[in-house]
Each structure stands twice: as structure tokens, then as C-alpha cells.
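Inspection log for the structure reproduced underneath, given as C-alpha cells.
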Amino acid sequence: MDLIKKTSSNQTIDPRIHCEHSQLVKVQAHINGFSLFPHLKTSRLLSGRHLSGYRGRGLNFEELRHYHIGDDIRNLDWKVTLRTGKPHVRSYTEEKDHNIILCVDQRSTMFFSSVNTMKSVVAAELASLCAWRVIKESDRVGLFLIKDDNTQWMSPKRSQADVLHYLKQLAFANQQLSAKTNSPHPISLSDALHELNRRKLKDSVIIIFSDWMNMNEKDTLLLKHLQKNNDVLSILISDPMEKSLDVSSTSKWVLSNGTHQINLDKKRDLVKVSQSLESHNQKRCDSLRHLMAMKGLPFMDVSTSGTHIAQFCHLLRSK
Numbered sequence: 001m002d003l004i005k006k007t008s009s010n011q012t013i014d015p016r017i018h019c020e021h022s023q024l025v026k027v028q029a030h031i032n033g034f035s036l037f038p039h040l041k042t043s044r045l046l047s048g049r050h051l052s053g054y055r056g057r058g059l060n061f062e063e064l065r066h067y068h069i070g071d072d073i074r075n076l077d078w079k080v081t082l083r084t085g086k087p088h089v090r091s092y093t094e095e096k097d098h099n100i101i102l103c104v105d106q107r108s109t110m111f112f113s114s115v116n117t118m119k120s121v122v123a124a125e126l127a128s129l130c131a132w133r134v135i136k137e138s139d140r141v142g143l144f145l146i147k148d149d150n151t152q153w154m155s156p157k158r159s160q161a162d163v164l165h166y167l168k169q170l171a172f173a174n175q176q177l178s179a180k181t182n183s184p185h186p187i188s189l190s191d192a193l194h195e196l197n198r199r200k201l202k203d204s205v206i207i208i209f210s211d212w213m214n215m216n217e218k219d220t221l222l223l224k225h226l227q228k229n230n231d232v233l234s235i236l237i238s239d240p241m242e243k244s245l246d247v248s249s250t251s252k253w254v255l256s257n258g259t260h261q262i263n264l265d266k267k268r269d270l271v272k273v274s275q276s277l278e279s280h281n282q283k284r285c286d287s288l289r290h291l292m293a294m295k296g297l298p299f300m301d302v303s304t305s306g307t308h309i310a311q312f313c314h315l316l317r318s319k
């Protein structure tokens with residue numbers, strides 16, 4: 001099957017470079033391969049249907065226990081109290097829906113791959129996969145798009161029609177990326193996280209899909225602030241070339257950021273650059289791994305090899 005598809009305007013689109021709306025709709029065929037919610041439980045806790053930790057006069061009986069000062073006396077179990085001679089209360093789990101926010105990085109740094117699929121496409125497809133899974137669970141899903149020049153917020157909704165609209169916006173943002181993209185005032189990851197914090201989200205599940213390039217201490221502090229009242233799952237989208245270079249090759253390398261370039265024609269220079277990449281990648285992974293461990297959530301690193309959906313499903317099944 002030819003990978004190149006024709007669009008209605010007779011332009012060709014390669015699904016490894018850009019994604020179409022129809023492509024994001026089709027990923028729902030894979031939603032039975034994983035589950036988000038067993039990994040997203042904190043002390044705050046989210047939903048009765050997903051075993052919420054909220055206790056009170058809810059719908060589902062949870063346990064019978066000794067009375068403690070401050071317990072609602074309406075929950076006293078008089079039969080057990082009279083039989084044992086000590087006050088006992090019934091505790092319940094409260095019925096409450098999940099609120100899922102998908103934060104998708106679609107900035108220029110994501111428009112890169114050295115192997116198969118652009119990081120921006122990987123992020124878009126995995127976010128779409130999660131959106132369809134959330135809808136299947138009858139929970140609400142919202143979208144927070146991070147673009148080069150602004151962010152775009154779409155409130156959590158439960159309907160399939162809203163998800164289809166969100167995916168159109170995601171596909172449009174993805175197709176705006178190109179090697180010529182040059183925003184005069186590009187938004188940093190810190191800017192995006194700050195904007196997300198300003199929304200004062202509570203008791204939500206926030207899933208962030210990004211390459212976390214140039215992650216700094218400010219980003220870490222902003223993520224910790226989000227974690228105070230929410231579950232934050234950070235998905236690292238990485239490319240092999242960003243982790244190290246092939247120093248065994250005798251070929252010359254030319255590296256560029258779109259504005260400047262550097263020629264690496266000596267092996268010692270190539271080794272030095274590769275070591276720097278390895279160090280930066282290790283620091284980035286360690287920071288995210290530590291942040292996820294604080295809430296008992298998995299650290300997830302998905303590559304651009306073209307098997308990202310299978311990788312994602314496997315990581316969530318194996319945790």
C-alpha cells in the first residue's frame with residue numbers, strides 16, 4: 001500500500017510527516033489494547049466507577065469500620081454497634097467522573113525524525129488514541145494544544161462529536177508544521193505549562209505529549225505545581241538521534257537548527273557532540289522519571305520508529 005495519500009486539493013500528504021483528520025479517527029481501532037485508569041490513581045482520587053478514593057455518602061458501600069471523631073453519625077451502623085458494644089460506621093465511595101486533559105506539543109521542535117515518523121505525528125496519534133479510550137469509558141476529554149506562537153484550549157466534553165472537532169483542530173495544527181516554520185516569538189514549554197497552571201485545574205488527569213527538549217528547572221517546578229491537585233502523566237516522544245550519534249561512521253555530519261549549522265568532520269568532535277546528547281537525554285529522562293515516581297506513575301518513552309502505538313499499548317499493559 002502506498003504511504004502517500006492524496007488530499008482533496010490534489011496535494012500529497014505522507015502520514016509519517018503530517019497527519020490527517022481521518023488518520024486520527026482510525027486509531028480508535030487500537031483502544032482495546034491498553035487502559036489508562038489503573039495507572040492513574042492518587043490520594044485525591046477520581047471516580048467511583050474507577051474506584052475513587054472520595055469517601056462520603058456515595059453510591060457504593062466500601063467497608064465497615066470503627067467510628068472516629070468527626071465521622072458523620074448518619075453513617076452509623078446501629079445493628080453492628082449494638083452487637084459489639086462499640087460504634088461502627090459504614091464508608092462509601094463517591095460516584096464521580098474523570099476529567100482528562102490531553103496536552104499535545106505541536107511546536108517546531110516536534111517536526112523531526114531520523115528514522116520513520118515525525119515526533120509531532122507520534123504525539124498527535126497517541127493523544128487521539130487516548131481521546132477515543134476516554135470516550136469509551138464515558139469520561140470527559142479536553143485538549144490543550146501547544147503551538148509555536150500560541151496555545152489553544154478546548155474544554156473537556158464527553159461526546160464523540162466534540163472529540164471529532166478536537167481532532168480536526170489537532171490535525172490542522174500538525175499540518176502547519178514545516179521545515180520553514182519560523183515564529184518570531186516562539187512559545188517555550190515553560191510558557192505552555194504556566195498557561196495550564198493558570199487554569200487552576202483540580203482532580204483531573206493531565207497527559208502531556210512532548211519531546212521535553214530544553215527542559216529546565218522552571219518546567220519541573222511548574223509540573224510539580226500541577227501535580228499537587230491532579231494526576232500528571234508525561235509522555236516523552238524521543239528520536240534515536242537526539243540520544244546519541246553514530247560515532248563509528250566515517251561520514252561527515254552537518255547539524256543545523258534551521259538558522260545556523262555546524263560541520264563535524266573530525267571524530268573527536270563527533271564524540272564530543274554525542275556525549276553531550278547522551279548527557280542531556282539522561283538528565284531529561286531522570287527528571288521525568290523522578291516526577292512520575294512521586295505519584296507512582298509510569299515513566300514512558302516512545303520513539304519515532306513508526307511502532308509508537310504498539311509501544312504505548314505495551315508500556316501501559318506492562319506497568
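Under the UniProt record's numbering, the first residue of the sequence shown carries the number 1, and numbering increases by one thereafter. We put the CB at the ideal spot given by N, CA and C, even for glycine.
(request) Can you tell me which of the three DSSP states His165 falls into? (result) Here residue 165 is taken as the residue at index 165 of the sequence shown, counted from 1. Helix, per DSSP.
(request) Could you tell me whether any Cβ in chain D is nearer than 7 angstroms to the Cβ of Thr117? (result) As a matter of chain content, chain D is missing from the structure shown, which is built from one protein chain.
(request) In the DSSP assignment, find the unbroken beta strand (DSSP E) run with Arg140 in it and report its ends. (result) Your numbering for residue 140 matches position 140 in the sequence shown. Note, Arg140: beta strand (DSSP E), 140-146.
(message) Quick check on DSSP: helix, strand or coil for Lys157?
(response) Counting from 1 along the sequence shown, the entry for residue 157 is found at position 157. Strand.
(message) If contacts are defined as beta-carbon pairs under 8 angstroms, then Ile237 and His30 qualify, I think. What distance do you get, rounded to the angstrom?
(response) By 1-based counting over the sequence shown, the position of residue 237 is 237. By 1-based counting over the sequence shown, the position of residue 30 is 30. Contact doesn't hold; Cβ gap of about 17 angstroms is too wide.
(message) Closer than 8 angstroms is the cut-off here; do at least three beta carbon pairs connect the stretch 126-138 with the stretch 97-108?
(response) yes
(request) Please state if the CB of Leu126 and the CB of Phe34 are separated by a distance shorter than 7 angstroms. (result) Numbered from 1 along the sequence shown, position 34 holds the residue referred to as residue 34. Numbered from 1 along the sequence shown, position 126 holds the residue referred to as residue 126. Contact flag unset, no.
(request) Sort out for me which residues DSSP pairs Asn99 with in a bridge. (result) One-based indexing of the sequence shown puts residue 99 at position 99. Arg140.
(request) Consult DSSP for His314 and reduce its assignment to one of helix, strand or coil. (result) Working through the sequence shown from its first residue, we reach residue 314 at position 314. Residue state, collapsed to three classes: helix.
(message) Taking the straight line between their C-alpha atoms, what separation do you get for Asn263 and Leu255?
(response) For this step, residue 263 is matched to residue 263 along the sequence shown. For this step, residue 255 is matched to residue 255 along the sequence shown. Straight-line Cα distance between these residues: approximately 7 angstroms.
(request) Grab the span of the beta strand (DSSP E) containing Asn263 for me, first residue to last. (result) Locating residue 263 in the sequence shown gives position 263, counting from the first residue. Residues 261-264.
(request) Could you check what DSSP says for Arg90 in three-state terms: helix, strand or coil? (result) Mapped onto the sequence shown, residue 90 falls at position 90. Arg90: strand per DSSP, three-state reduction.
(request) My understanding is that residue 330 touches Leu223, with C-beta atoms under 8 angstroms, so please give their C-beta distance in whole angstroms. (result) No statement about residue 330 is possible, as the shown extent of the chain runs from 1 to 319 and does not include it.
(request) Return helix, strand or coil for Met215, following the three-state DSSP convention. (result) Numbered from 1 along the sequence shown, position 215 holds the residue referred to as residue 215. Looking at Met215 - three-state DSSP - the assignment turns out to be coil, as it is neither helix nor strand.
(message) Any contact between the stretch 148-161 and the stretch 262-281? By contact I mean 3 or more CB pairs, one from each, below 8 angstroms.
(response) no
(request) In the DSSP assignment, find the alpha helix (DSSP H) that holds Asp191 and state where it starts and stops. (result) The residue you call residue 191 lines up with position 191 of the sequence shown. Element bounds for Asp191: 189-198.
(request) Go ahead and label Lys147 buried or exposed: buried means 16 or more other beta carbons lie within 10 angstroms of its beta carbon, across all protein chains shown. (result) Here residue 147 refers to the residue found at position 147 of the sequence shown. Buried, by the Cβ-count rule.
(request) Use the C-beta contact count for His260: other C-beta atoms within 10 angstroms, 16 or more gives buried, fewer gives exposed. (result) Here residue 260 refers to the residue found at position 260 of the sequence shown. Exposed.
(message) Which of the three DSSP states is assigned to His66 in this structure?
(response) Position 66 of the sequence shown, counted from the start, is the residue given in the question as residue 66. Reduced to three states, the DSSP call for His66 is strand.
(message) For Val232 and Val205, I'd like the C-alpha separation in whole angstroms.
(response) Locating residue 232 in the sequence shown gives position 232, where the first residue counts as 1. Locating residue 205 in the sequence shown gives position 205, where the first residue counts as 1. Their backbone Cα atoms lie some 6 angstroms apart in a straight line.
(request) Please name the residue in Val273, Thr109, Gln311, Met292 whose C-alpha comes closest to that of Lys180. (result) Along the sequence shown, read from residue 1 onward, the residue named residue 180 stands at position 180. It is Thr109 whose Cα lies nearest to the Cα of Lys180.
(request) Quick one: measure Cβ to Cβ for Cys130 and Leu102, integer angstroms, because I've assumed they're closer than 8 angstroms. (result) Walking along the sequence shown from the start, residue 130 turns up at place 130. Walking along the sequence shown from the start, residue 102 turns up at place 102. Between Leu102 and Cys130 the Cβ distance is about 6 angstroms, and since that is below 8 angstroms, they are a contact.
(request) Pull up the distance between the alpha-carbon of Ile17 and that of His185, whole angstroms please. (result) In the sequence shown, the residue the question calls residue 17 occupies position 17. In the sequence shown, the residue the question calls residue 185 occupies position 185. Distance between the alpha carbons of Ile17 and His185 is about 24 angstroms.
(request) For Asp211, count neighbouring Cβ atoms within 10 angstroms of its own Cβ and tell me buried if that reaches 16, exposed if not. (result) What you label residue 211 is simply residue 211 of the sequence shown in a count that begins at 1. Buried: at least 16 other Cβ atoms inside 10 Å.
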